[in-house]
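Okay, so here's the structure we're looking at.
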Amino acid sequence: MWTIRAGLLVVATMAAVAQLFETPKKISNPCYSTKQLLYLKNQLLAKATTNGAQIQAALLKVAQLQAAAAAATGDEALMYAALAAGTGAKVSQAIEQSTDGVRRLASAAAAAQELAGVQTLLTDVAALSIKPMTAKQLSVSGPANGKHYIRFASTGATYATCEPQESTSDNRQPEQNPDPANNVLDIFFLKGRGEAGPDATTALLCFHNTNTAACTAASANQNTYGELTTGKPLDLTKAQAKTPISGTQKFTITGGGTSNLLPPQKYVEARMATLAEGISAYAEMSFMANDLESPAMAVATETQLALLKALDPTADETKLSAKATEIDGQIAKLYGKNGCEAKTKVWNKFKSIQIPKEATLDNKPTTLNKLDDLNKLWFASFFHKAKLIQETAARAHQKETEKTKTADSTGKPEEKKDGDNKTIAADCTATEEGKCDKTKFDWNAEKKKCKVKEGTAVISAVIKAPLLLAFLFL
């Protein structure tokens, strides 16, 4: 399982890796060229590994923000959630770029390995030699009594020195005058034995009417002598493939040829084109997980969109500029002006958030920074979100229950006590004795008004008011 500690270990290990091309050295044979190509291959693959580690570490950071948002409330929850949206979008972009980049890196590494294999093979082929017997006079009946043998000496001996597993020291000397503008790969080809060169003789096989004198002469008739000369049947020729240190990557081969080469130059050019693609990907894949903690992420478009939704859930991205002032205010409030306090307000703060045992897989309380893998962080986020949903549902249920109880209470008919009527004083409005209801009221002749009979319960009209008070008076 991937953890933060494992990710940091890989990142730290990869950080020690040197530049893409090795320090320029003198390349005098195909074996040395093999070392050059294998170094390049290893750096391309290391980049793919490093990039994967950075993305994994970034995913953990986003998951930590999500867990912090789930555990927090109010502005603090918004602070974590909006930044999680911004950083999540950044990681998503990095993953998309990485998918294509890793493919190009892998293809380039395979091309480097293939070219290294060819160079290793050329190392031995170039070492093949012809070991002839001394010149013999041919018999009249044929060459049966004067045999010559073509022998290839030291097969495999040179190849062994190119094996990367060998613990032999690197004897290559530093290049005294490296190309200041280009990265250079030295590539060797085989070509047919030349008509002139270091060999003492140029012909492999010759016949003459007298001693062949190491094949320096031949005759058209009476060829009674034959000789197979010593030396190598194939010659090595060195070429250089150069690509700019910066800018558009494209290898240009100089010193090769359009024909009579092994391998053909077009074969090498095709692999070099694949290498150039991988080198471009190497330069493009610069994503680092720690970039998520920069102030720039607090003002990123995706973070602003999250804050826009918090301000106005009905708004879409077209309203971003119209709400710029409000959003800038939110950013300053949550992350400091231009996000300059994001490190202290967010990244340093959430580490101490307490995680209850119910939110952990091992049922032990901890702090957020100790949840060091995605499973633990996702579980903690789920727990807090589920808890919030449950609490919201419980409050809604309680509110509905209270509403029902209130409706039931206010809808009940008034009960009578001891057969008395609950008479409201305001209903006694008669100003003449004949109009006074003597069953409910007594007539006051002096004041010329009716009054409630003694013993009758009176509820003042003033009490006809708040529902809660009416309920309490029942």
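Residue numbering for the sequence shown is -18 to -1, 1 to 456, as defined by mature numbering (1 follows the signal peptide of the UniProt record, and there is no 0). For every residue, glycine included, the Cβ atom is placed at its ideal position computed from N, Cα and C.
In terms of Cα proximity to Val73, the closest of Ile235, Ala40, Ile313 is Ala40. DSSP places Lys173 inside the beta strand (DSSP E), whose first and last residues are 164 to 174. Listed in chain order, the non-local C-beta contacts of Lys23 below 6 angstroms within the same chain comprise Ala91, Ala94, Gln95, local neighbours out to five positions each way being set aside.
The alpha-carbon separation between Leu316 and Gly56 amounts to approximately 11 angstroms. In the assembly as shown, Lys319 is an exposed residue. Its beta-carbon has fewer than 16 other beta-carbons within 10 Å. Annotated as distal: Ala263 and Gln231, with beta-carbon spacing of 7 angstroms or more. The C-beta of Phe269 has 16 or more other C-beta atoms within 10 Å across all chains shown, which makes the residue buried. Scanning its chain for C-beta atoms nearer than 8 angstroms, with the 5 sequence neighbours on each side dropped, one finds no residue around Gln380. Look at Gln79 here: in three-state DSSP terms it is helix.
Judged by beta-carbon spacing, Ser80 lies beyond the 7 angstroms limit of Asn11, meaning their Cβ atoms are not closer than that value. Residues of the same chain with a CB within less than 6 angstroms of the CB of Thr69, apart from the 5 flanking positions on each side, are Val44, Leu274, Met279 in chain order.
In this structure, the beta-carbon distance from Ala49 to Ser334 does not fall below 7 angstroms.
The three-state reading of DSSP puts Asp424 in strand, counting E and B together. Classified as exposed, Thr236 has fewer than 16 neighbouring CB atoms from the shown chains inside 10 Å of its CB. Ile169 places its beta carbon less than 7 angstroms from that of Ala223.
Around the C-beta of Lys8, fewer than 16 other C-beta atoms lie within 10 Å, and the residue is accordingly described as exposed. The alpha-carbon of Gly321 is positioned some 21 angstroms away from that of Asp294.
Per DSSP, Ala223 lies in no alpha helix (DSSP H); the unbroken beta strand (DSSP E) holding it starts and ends at 216 to 226. Our two residues, Pro277 and Asn164, have alpha carbons roughly 36 angstroms apart in a direct line. Rounded to the nearest angstrom, the Cβ distance from Leu287 to Glu299 is 6 angstroms, consistent with a contact under 8 angstroms.
DSSP lists Thr348 as the bridge partner or partners of Ile337. Counting along the chain, the unbroken beta strand (DSSP E) around Ile235 starts and ends at 234 to 236. Beta bridge pairing from DSSP links Leu244 with Leu172.
Distances from the alpha-carbon of Leu370 to those of Ala53, Leu47, Leu2 put Ala53 closest. The secondary-structure analysis by DSSP pairs Pro156 across a beta bridge with Lys7.
When secondary structure is reduced to three states using DSSP, Asp273 falls in the helix class. Across the structure, Val250 and Gly238 are spaced so that their CA atoms are roughly 10 angstroms apart. Pairing Leu359 with Phe233, the inter-Cα distance amounts to about 47 angstroms. Look at Cys432 here: in three-state DSSP terms it is strand. Beta-carbon to beta-carbon, Tyr21 and Val328 are separated by about 41 angstroms, too far to satisfy the 8 angstroms threshold.
For Leu289, the enclosing alpha helix (DSSP H) stretches over residues 283 to 293. Judged by DSSP secondary structure, Gly34 falls within the alpha helix (DSSP H) whose first and last residues are 12 to 53.
In this chain, the alpha helix (DSSP H) harbouring Gln312 covers 306 to 317.
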